Every structure is written in structure tokens, then in C-alpha cells.
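Residue numbers (my numbering): 4 to 328. By construction, the Cβ of each residue, glycine as well, lies at the ideal position given by its N, Cα and C atoms. Quantities reported herein were computed from a predicted structural model and do not represent experimental measurements. Below is one structure; the comments refer to it alone.
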């Protein structure tokens with residue numbers, strides 16, 4: 004119905020740390036013509052105060068709320084969700100990132116929608132849930148080493164059905180890495196639980212600047228290029244305690260990504276064709292990214308939340324908008 008001066012429906016959290024709205028998504032999850040709502044919070048406590056923060060994903064099907072008379076004062080809570088998914092372990096950050104797998108990438112497995120949900124704490128883990136009469140877990144993909152934060156960011160290339168997954172704290176000095184995984188490789192394993200060592204990876208791209216956290220954010224462009232951020236790197240030009248960190252955003256062109264698995268380690272400095280750097284340091288340039296596209300043009304939007312342009316304003320932050328070729 005469009006925006007109104009008063010919301011059509013209020014949805015409130017219930018428990019401490021519910022903090023609903025960490026991510027919001029809409030998708031067609033059932034057989035009607037209405038978009039459904041997905042809400043995440045990786046810090047949610049399933050049973051309220053003083054309970055472990057397991058994270059949660061709440062799914063609201065529009066068909067359950069079409070009769071407005073069932074909603075007194077147009078106000079509901081997360082307890083009214085059609086489905087609720089909780090993380091399987093404490094402090095896993097379940098629900099940190101979420102995407103709907105394109106139907107063309109999953110049609111040989113199911114005709115129902117499939118959600119890809121991350122829980123990137125510690126070694127990190129991805130969950131795939133198919134939405135049927137009830138959500139059903141069909142696969143997990145887990146990182147290997149503790150503190151890799153596998154799955155903190157991910158993005159799906161819909162034409163080739165490639166999944167790019169960031170592990171921004173991989174290695175002792177947090178160089179970070181991004182794995183590109185063909186989704187077909189995962190589904191062909193016919194296993195419920197996989198890890199990244201199951202020979203599913205097409206290519207692994209590693210950071211080469213200390214502490215840079217390569218893979219903090221990843222995005223595919225409509226042209227099939229991969230954009231990867233590394234918001235905190237140092238070049239070892241000075242002693243580490245004296246050198247200020249500097250955020251980089253790299254673009255890996257589609258023609259440098261192999262079509263067959265390559266077991267070698269590839270470094271971002273040689274894989275990328277374009278590197279964006281903000282005008283100052285200590286800015287966390289690349290903390291968040293998004294690609295905005297129309298039929299004729301695409302733009303890369305990059306956040307730099309610690310950018311400081313003025314002496315009298317503390318950390319106002321900045322967004323950079325770059326047209327993609």
C-alpha cells in the first residue's frame with residue numbers, strides 16, 4: 004500500500020537483545036503473489052534475559068496476516084512469526100548474513116525457496132534451509148580453522164551459480180581470504196554436513212596486507228566481476244605500531260576467475276584489476292558495500308564509517324559512489 008504516516012503493522016521484539024532488524028529481506032516464500040518478510044538478528048536470545056545469544060531468523064508470511072482484523076492495533080511481535088529459526092550454538096552469530104538462493108541455481112534440487120544463512124563466529128558456518136510447509140535444513144558448510152569467521156560475508160553470482168564466501172580473519176595475522184564455490188559442487192556431494200576442505204572450492208583468493216581482513220564484504224557485479232573489501236590493512240612500510248591501517252576495495256574481473264578448480268593459492272594483489280583507496284587512513288573504508296543496478300548502469304556504494312573530514316566533527320563517516328564499467 005506504500006508508506007503511510009502511521010505504519011501498516013508494527014513488529015516488536017520481546018526479549019533482551021532481540022534488536023530486530025539487523026537485516027531485512029523480502030521474498031516470495033509461499034505460493035501466493037505477496038512478498039514475505041524475513042528479519043534477522045545474530046545476537047538474539049531465544050529464551051530471554053541471561054540466556055546465550057544464539058541468533059535468530061524470523062519469517063513472516065504475508066498470507067498469515069492478510070486478515071487485518073486478526074491484528075489488534077496493527078501491532079504484533081516476533082512471537083507471531085510464521086517460522087522462527089534459532090542458531091544451534093551460543094554466540095554463533097546465526098543470522099549475520101542471509102540471501103535467497105536464485106531459483107535457477109537450485110531448481111534441480113527443489114522448486115521451493117532456499118535460504119542461505121551464515122553463523123560466522125569462530126570457524127564459521129553456513130546453513131541452507133528449504134522453505135516448505137516448515138523450514139527444513141538441507142545442508143551446512145563449515146569453516147575449518149577457529150577464528151576464520153567463514154561466512155561473515157557472502158554473495159551469489161546468479162548466472163554461474165557461484166558462491167563467494169569471505170573469511171576475513173583467516174590466518175594468524177588476519178590477512179583474510181575469499182573462496183569461490185560453485186553451488187553445484189556442494190549439491191553433488193549428497194551430504195548434509197560439509198566443510199570447506201571437501202574439495203568444493205573453485206579458487207581461493209588470499210589477502211597479502213597484514214591485518215587487512217580480506218573478505219569483510221563481498222559483492223558480485225552484474226558483469227560477473229567480484230568486489231572484495233579489506234578495511235584494515237597495513238603495508239609493512241613502517242613498524243606495525245607506527246603504521247596506520249588503510250582500507251582497500253578490490254575488483255577481481257570475471258576473466259581472471261577460472262572455470263575449473265585451481266588448487267593454488269592466489270593473492271588479491273595479482274587477481275585484482277582495480278583497487279580503490281580512500282583519501283585518508285584509519286577510515287575502515289569498505290566496511291560495507293552494495294551494488295546498485297538498473298538496466299543501463301551500475302554503481303558500487305562503499306562505506307567509510309570512520310572517515311574524518313572536519314576538525315570539529317568526530318567520525319562523521321562517508322559513502323563513496325563509483326560507477327562500474
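Measuring C-alpha to C-alpha distances from residue 150 to each of 172, 156 and 191 identifies 172 as the nearest.
For a cut-off of 8 Å, the C-beta gap from residue 304 to residue 293 is around 5 Å, short enough to register as a contact.
For residue 271, the enclosing alpha helix (DSSP H) stretches over residues 271 to 274.
The bridge partners DSSP lists for residue 198 are 145.
Here the stretch 259 to 273 lies against the stretch 199 to 212, with 3 or more beta-carbon pairs under 8 Å apart. Bounds of the alpha helix (DSSP H) holding residue 188 are 186 to 190.
Residue 249 counts as buried, since no fewer than 16 other beta carbons sit within 10 angstroms of its beta carbon. Counting only the Cα atoms, residue 204 lies some 17 Å from residue 108. With a cutoff of 7 Å on beta-carbon distance, residue 62 and residue 97 are scored as not near each other. Per DSSP, residue 128 is one residue of the beta strand (DSSP E) stretching across 128 to 134.
Taking every protein chain shown into account, the CB of residue 184 has 16 or more other CB atoms within 10 angstroms, so this residue is buried. With fewer than 16 other CB atoms across the displayed protein chains lying within 10 angstroms of its CB, residue 162 is exposed.
In this structure, residue 226 lies away from residue 158, with their beta-carbon atoms at least 7 Å apart.
Residue 155 is classed as buried because its beta carbon has at least 16 other beta carbons within 10 Å across all chains shown. Secondary structure in the stretch 82 to 119: the beta strand (DSSP E) runs of 3 residues or longer, each lying completely within the stretch, are 86 to 89 and 101 to 103 in chain order. For residue 68, the secondary structure class from DSSP, reduced to helix, strand or coil, is helix.
For residue 28, the beta-bridge partners assigned by DSSP are 41.
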